[in-house]
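What follows is a set of notes on a single structure, which appears directly below.
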Amino acid sequence: TQLLEQSPQFLSIQEGENLTVYCNSSSVFSSLQWYRQEPGEGPVLLVTVVTGGEVKKLKRLTFQFGDARKDSSLHITAAQPGDTGLYLCAGSTLSGTYKYIFGTGTRLKVLA
Amino acid sequence: GAVVSQHPSWVICKSGTSVKIECRSLDFQATTMFWYRQFPKQSLMLMATSNEGSKATYEQGVEKDKFLINHASLTLSTLTVTSAHPEDSSFYICSATEHTEAFFGQGTRLTVV
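Here is the structure:
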């Protein structure tokens, strides 16, 4: 069974601080996605990475895919209260099927 | 982006009854849709892959006779929770893929009393 471990599980920080969330697995992924989910809603896609070593930036968010395509990280600079939510990584091990297995999740709370 | 709609958004049912949840791709066709379940404060667990015109593929540990999936058209997949029990209470979410991006429904909160 594929397993995507995220760390930390919970994170509570002050507005303006930086943070990094990690997503690790023993499996190799053809692609990996990061989502943010608000309570009572479906997840919203933030980014998709497909190439080992790839780095993508989305405003204050920086995503990195490990060279071996087994791990990924999400770094948020100068966190804001609006960043609060559940962050999920999701990996697909078979190219083209879009069957994604979700990570264990990181619950982030940014305090004003 | 593409829109995936789930209905209902929430439902309360009595133990032993069956509940049907619909997942529709509103502006694109999806030959494959996915059903997930999410318990409070936990991540999404993939339950099954819904394939248009053929049988669904269930993940290990998911009872196919309890969670009936029908994908009769390119825009609609349904999940029926049969003989529901309180432990089936959860947030059920579907997704469909257009091109390389997965789009999620807003989810259905099922409470079995």
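Residue numbers (the working numbering), protein chains in the order written: chain A, 1 to 112; chain B, 1001 to 1113.
Even for Gly, the Cβ is constructed at its ideal location relative to N, Cα and C.
Remember, it's a predicted structure, so these values are computed and weren't measured experimentally.
In this structure, does DSSP put residue i in helix, strand or coil?
i, result
"A/G53", "coil"
"B/E1087", "helix"
"A/D71", "strand"
"A/G91", "strand"
"A/G85", "strand"
"A/Q113", "No answer is possible for residue 113 of chain A: the residues shown for chain A start at 1 and end at 112."
"B/R1024", "strand"
"A/Y100", "coil"
"B/S1009", "coil"
"B/V1003", "coil"
"B/Q1029", "coil"
"A/L3", "coil"
Return no unless some Cβ of chain A is closer than 7 Å to the Cβ of residue i.
i, result
"B/A1102", "yes"
"B/I1021", "no"
"B/Q1029", "no"
"B/I1093", "yes"
"B/T1097", "yes"
"B/G1016", "no"
Contact criterion: CB-CB distance below 7 Å. Does residue i meet it with respect to chain B?
i, result
"A/G91", "no"
"A/T106", "no"
"A/F63", "no"
"A/F102", "yes"
"A/Y22", "no"
"A/Y98", "yes"
With distance defined between alpha-carbon atoms, name the residue in the options nearest to residue i.
i, options, result
"B/C1023", "B/A1096, B/R1109, B/L1110, B/T1111", "B/A1096"
"B/Q1006", "A/L45, A/C89, A/G40", "A/G40"
"A/V28", "A/L111, A/K59, A/A78, A/V49", "A/V49"
"A/L45", "A/G52, A/T77, A/Y35", "A/Y35"
"A/L86", "A/Q14, A/I76, A/G105", "A/G105"
"A/T93", "A/A68, A/L58, A/T62", "A/A68"
"A/Q9", "B/T1031, B/S1043, B/N1070", "B/S1043"
Taking 6 Å as the cut-off, is the CB of residue i close to at least one heavy atom of the ligand GDP?
i, result
"A/K59", "Inclusion of the ligand GDP in the displayed structure is not the case, the ligand content being empty and no account of it being possible."
Segments assigned beta strand (DSSP E), at least 3 residues, entirely inside the segment 6–30 of chain A:
Within the segment 6–30 of chain A, the complete beta strand (DSSP E) segments of 3 residues or longer fall at 10–14, 19–24, listed in chain order.
Going along the chain, which residues of the segment 1032–1060 of chain B sit with their C-beta nearer than 8 Å to a C-beta in chain A?
Answer in chain order: T1032, F1034, Y1036, K1041, Q1042, S1043, L1044, M1045, L1046, T1049, Q1060.
When Cβ atoms are compared, which residues of the segment 30–57 of chain A fall closer than 9 Å to chain B?
S31, Q33, Y35, Q37, G40, E41, G42, P43, V44, L45, T48, V50
If you scan the segment 1033–1109 of chain B from start to end, which runs of the beta strand (DSSP E) of 3 or more residues do you find wholly inside it?
1044–1051, 1067–1073, 1076–1081, 1090–1098, 1101–1104
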